[in-house]
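Q: Structure provided below as structure tokens; questions to follow.
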Amino acid sequence: MKLKRIHKIKNAEITHYFCNDDIITSKFNKIYVKYKDYNCIVKLPTDLIGTVFGLFRITRRALRLDKCNVFVTGNFLIIIRKHKVYSYNLETKELKETLQLKNCRNVLHQSIGETNTGELFFGEYGNNGERKPVNVYKSIDKGLSWQVVYTFKSGEIKHVHGCYYDKYENKIWTLTGDFKKENIIMKSNLDFTENEKIGDGSQKYRAVNVFFTLENVHWIMDSPLEKSYHYTLHRKTNKITRKSLFPGPVWYLKKLEDGYYIAATSVEIGEGVLSKEAQLFVSKDLENWESVYKFPKDIFPMRYFKWGVIGFADGKQSSKSFAIHFEALKKVDGKSYICSLNE
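Numbering (UniProt numbering), first residue to last: 1 to 343.
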């Protein structure tokens, strides 16, 4: 298959949501919303220094001023930026701060889970060099308020990669990282009173996202330290099977509505990084993966100007129309595109 970039998206360092004609993007501290009957720009607070450095992509990138999460639920946006969680009411245009994060400035993209009854979950994703306790938060009112539903103990993990809803078992799967014994895949009931931890904490269980099917749970390692493989966990037998090798850590995954699955490798530093290009992979059956495009890393040092990453957006999308955004990749850094897959 071949990847085709249909058109570039305006005002989109990050595309957070895309479905048909609806799209939510962000650039610096502004969120651009075209969703249902709502068209608006949400401007988030910033200081004078941030305003100055926010004028330029290179300084936004170095200082992480572009980082932002936006999740849409009903008529509300949940926004996370610079340690703060906001609720934005699309009807009233009211922006309200709902939570101050202790151990995290942002979460990973697509990492906020929502159940079929509207309960919301996310975990703190920060550097956490001191290995302080890490919280998982839950909301039952569209993000207007949050409660700590679970806490990983001090020294147990570095951070949470994501919380994902499994419709087949009505459970939340929480993924954590990054180093020895910190890589946990945990299956929980919606109150987190019953928690099953899977694996031994090794890099094998280090993943950012998951695919759920009726019979299996799939993850792809995001380890720069070891070679990254696709693994499956059989729901009934708990048998874990190793499958395809990927040429680098895999951060983001997405299931498309017409049966395709996409995954993207990143460019980082480490023995598990086998390519200097971020690659987009496609599968029809979660068995065979095909690399359909390679994006070279740009010239800027990774430790200061980010790893090379391909990101996806929330929302129902198909192989004929889906959104991708890019970080630290040659010619596409800080840009978003609507793309398609063609035979």
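Even glycine gets a Cβ: it sits at the ideal position worked out from N, Cα and C. Source: prediction; values computed, not measured.
According to DSSP, what are the bridge partners of Trp173?
A: The partner list for Trp173 (beta bridge, DSSP) reads Tyr164, Lys187.
Q: Going by the beta-carbon positions, is the gap between Ile184 and Thr176 smaller than 9 Å?
A: Contact flag set, yes.
Q: Are there 16 or more other CB atoms within 10 angstroms of the CB of Gln100, so buried, or fewer, so exposed?
A: By the 10 Å Cβ count, Gln100 comes out exposed.
Q: What are the start and end residues of each continuous alpha helix (DSSP H) run of 4 or more residues lying completely inside the region 2–55, in chain order?
A: Runs found: 48–53.
Q: Return the CA-CA distance between Gly199 and Glu130, expressed in angstroms with no decimal places.
A: The straight-line gap from Cα to Cα measures roughly 24 Å.
Q: Grab me the residues of Ile141's own chain with a C-beta within less than 6 Å of its C-beta, minus the 5 sequence neighbours each way, in chain order.
A: Residue identity check: residue 141 is Asp in the sequence provided, not Ile. Once the five neighbours on either side are set aside, Asp141 has no close Cβ partner at all.
Q: Does Glu182 pass the burial test, meaning 16 or more other C-beta atoms within 10 Å, or should it be called exposed?
A: Looking at its Cβ environment, which holds 16 or more other Cβ atoms inside 10 Å, Glu182 is buried.
Q: Please look up how many angstroms separate the CB atoms of Ser290 and Lys243, rounded, as I've assumed it's under 8 Å.
A: One detail in the question is off: residue 290 reads as Glu in this sequence, not Ser. Actually they are not in contact, since the Cβ atoms of Glu290 and Lys243 sit about 14 Å apart, beyond 8 Å.
Q: Give every residue of the same chain whose Cβ lies closer than 8 Å to the Cβ of Phe53, excluding the five residues on either side of it in the sequence, and list them in chain order.
A: Cβ within range, chain order: Thr59, Arg60, Leu63, Leu65.
Q: With respect to 8 Å, is the separation between the Cβ of Met221 and the closest non-hydrogen atom of the ligand MN below this value?
A: Of ligands this structure carries none, so the ligand MN is not represented either.
Q: Tell me, which residues are paired with Leu256 by DSSP?
A: DSSP lists no partner for Leu256.
Q: Where does Tyr304 fall in DSSP's three states?
A: Residue state, collapsed to three classes: helix.
Q: Taking 8 Å as the cut-off, does the region 319–337 touch the region 296–311 (at least 3 CB pairs, one atom from each stretch)?
A: These segments touch.
Q: From this set, Asp47, Gly334, Gln203, His7, which residue's C-alpha is nearest Glu271's C-alpha?
A: When only C-alpha atoms are compared, the closest one is Gln203.
Q: Would you call Thr92 buried or exposed, if buried means 16 or more other Cβ atoms sit within 10 Å of its Cβ?
A: Looking at its Cβ environment, which holds fewer than 16 other Cβ atoms inside 10 Å, Thr92 is exposed.
Q: Check Arg60 in the structure and name its three-state DSSP category.
A: Helix, per DSSP.
Q: Less than 8 Å between C-beta atoms, sequence neighbours within five positions excluded: which residues of the same chain meet that for Lys4?
A: Around Lys4: Cys339, Ser340, Leu341, Asn342.
Q: Looking at the secondary structure, which residues open and close the beta strand (DSSP E) in which Asp200 lies?
A: Start and end: 195–201.
Q: Consult DSSP for Tyr125 and reduce its assignment to one of helix, strand or coil.
A: Tyr125: coil per DSSP, three-state reduction.
Q: Measuring alpha carbon to alpha carbon, tell me which of Lys34, Leu214, Met1, Asn20 ends up nearest Gly10.
A: Per the sequence shown, residue 10 should be read as Lys rather than Gly. Cα-wise, what sits closest to Lys10 is Lys34.
Q: Shortest alpha-carbon distance to Asn106 belongs to which of Tyr125, Gly311, Phe121, Glu94?
A: Cα-wise, what sits closest to Asn106 is Tyr125.
Q: Locate the beta strand (DSSP E) running through Phe322, then write down its first and last residues.
A: Its beta strand (DSSP E) spans residues 322–327.
Q: For Lys331, which three-state DSSP category applies?
A: Of the three classes helix, strand and coil, the one that applies to Lys331 here is coil, per DSSP.
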